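S.K.:
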Amino acid sequence: MTHGFTDALGFVLHEEGAYSNNPQDKGGMTNLGVTWRTWQAWSGRPATEQIMRSLRIIDVAPLYRTQYWCKIAGDNLGGALGLAVFDFAVNAGVPRAAKMLQSIVGAKADGAIGPGTLRAVQAYVTSIGLAKLIARFCDARRDYYRFCDDFPTFEKGWIERVDRVEKEALAWVG
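Numbered per this note's numbering, the sequence shown spans residues 6 to 179.
#1: Excluding sequence positions up to five away, which residues of its chain have a Cβ less than 8 Å from the Cβ of Leu123?
#2: In this structure, how does DSSP classify Asn26 when only helix, strand and coil are distinguished?
#3: Specify the secondary structure class of Thr158 as computed by DSSP and reduced to three states.
#4: Here's the rule I'm using: 16 or more other beta-carbon atoms within 10 Å means buried, otherwise exposed. How should Asp154 be labelled?
#5: With H, G and I counted as helix, E and B as strand and the rest as coil, what does DSSP make of Thr122?
#6: Mind checking who Met39 pairs with in its DSSP beta bridge?
#7: Just tell me which of Gly22, Ala13, Gly15 and Tyr73 has its CA closest to the CA of Ile118.
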């Protein structure tokens, strides 16, 4: 089975869950993984609590596709690697996820996944294998979190999420 955006989005939405407004989370009001700031910028209108609580998958799917999946070149990365990079992009931003991948594969770490990065990914996968690239990406993601100021607060959730992403992505490898 070939996995793509729909499968990756399903995974991310399951991880993100429903509405929350955790005072310890810098994102503030969040629903289906979309922060109020992101929704406000995307929709062009105020993101009130009522609006944030009422968001549905059909509302957020286009945002996830254009602002995350397409920006990480998810269709070009393929389902398994796409999932790993997409999930981190949603959690920590597209440029950070892109730079992490670029650093691992030896591409210019400019935060934008383009033809040069895709060639470097292909060369890396040919040399070392897709499963090893996914494992290294997830290891780098764990290392990134360990240096975040709020790691003590979110450690368990972040690390367990990376573990689940890695397990799922590796299952998609085949």
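All C-beta atoms, glycine included, are put in the ideal place defined by N, C-alpha and C. All figures in this text were calculated on a predicted structure; none of them were measured in a lab.
M.R.: The structure says:
#1: Ala78, Asn81 and Leu82
#2: coil
#3: helix
#4: That one is exposed.
#5: helix
#6: For the record, residue 39 in the displayed sequence is Val; it is not Met. Answer by DSSP bridge pairing, in chain order: Asn36.
#7: Tyr73
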